[in-house]
Amino acid sequence: MQAKFPETLDRPLQIIWWETDELAPLLVGLLLYLITDVWLFLILGYLGTRFYSKYKNRLPDGFLGHIAYALGLKNIPGYPSYLIDEFWE
673 MQAKFPETLD RPLQIIWWET DELAPLLVGL LLYLITDVWL FLILGYLGTR FYSKYKNRLP
733 DGFLGHIAYA LGLKNIPGYP SYLIDEFWE
């Protein structure tokens, strides 16, 4: 008998049917609702999560990380900063 290698070992953590980065808008909306007691924030958090999930599923894996790199929000290890105009090795 051979042991099976799990297929989801390298996938991100999933809570219910959302990945952890997709839950961020919902959690922000929940936090704002708890602070202000305005239901609109809870609804906007849910809609933000739905929009982000659909947007993320249309794009290739890693696309959002590359957008963050292009905007200068995230550095990729081993690469120069995107904001550098000229680069000499």
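Counting with my numbering, you get residues 673 to 761 for the letters of the sequence shown. Idealized CB from N, CA, C, for every residue including glycine. These numbers come from a predicted model, not from an experiment.
Original post:
What span of residues does the alpha helix (DSSP H) with Tyr727 cover, start to end?
Top reply: Indexing the sequence shown from 1 puts residue 727 at position 55. Element bounds for Tyr727: 711-730.
**OP:** Just grab the DSSP bridge partners of Glu691 for me.
**Re:** Counting from one through the sequence shown, the residue named residue 691 turns up at place 19. Per DSSP, Gln686.
Original post:
Nearest to Lys728 by CA position, among Val710, Lys676, Thr692, is which residue?
Top reply: Position 56 of the sequence shown, counted from the start, is the residue given in the question as residue 728. Answer by Cα proximity: Thr692.
Original post:
Is Gly734 helix, strand or coil when you go by DSSP?
Top reply: To locate residue 734, count along the sequence shown from 1; it is residue 62. If DSSP states are grouped into helix, strand and coil, Gly734 belongs with coil.
Original post:
Pro749 by DSSP, collapsed to three states: which one?
Top reply: As a first step, residue 749 is located in the sequence shown; it is residue number 77 there, counting from the start. Of the three classes helix, strand and coil, the one that applies to Pro749 here is coil, per DSSP.
Subject >> contact_flag[the stretch 717-725, the stretch 687-705] where n(CB pairs < 8 Å) is 3 or more >> reply: With the cut-off at 8 Å, the stretch 717-725 and the stretch 687-705 touch.
Subject >> Host alpha helix (DSSP H) of Gly701 (start-end) >> reply: On the sequence shown, position 29 is the one that residue 701 refers to. Where Gly701 is concerned, the enclosing alpha helix (DSSP H) stretches over 696-708.
Subject >> Among Leu745, Asp733, Trp760, Glu761, nearest to Asp669 - alpha-carbon criterion >> reply: Here the chain has residues from 673 to 761 only, and residue 669 is not among them.
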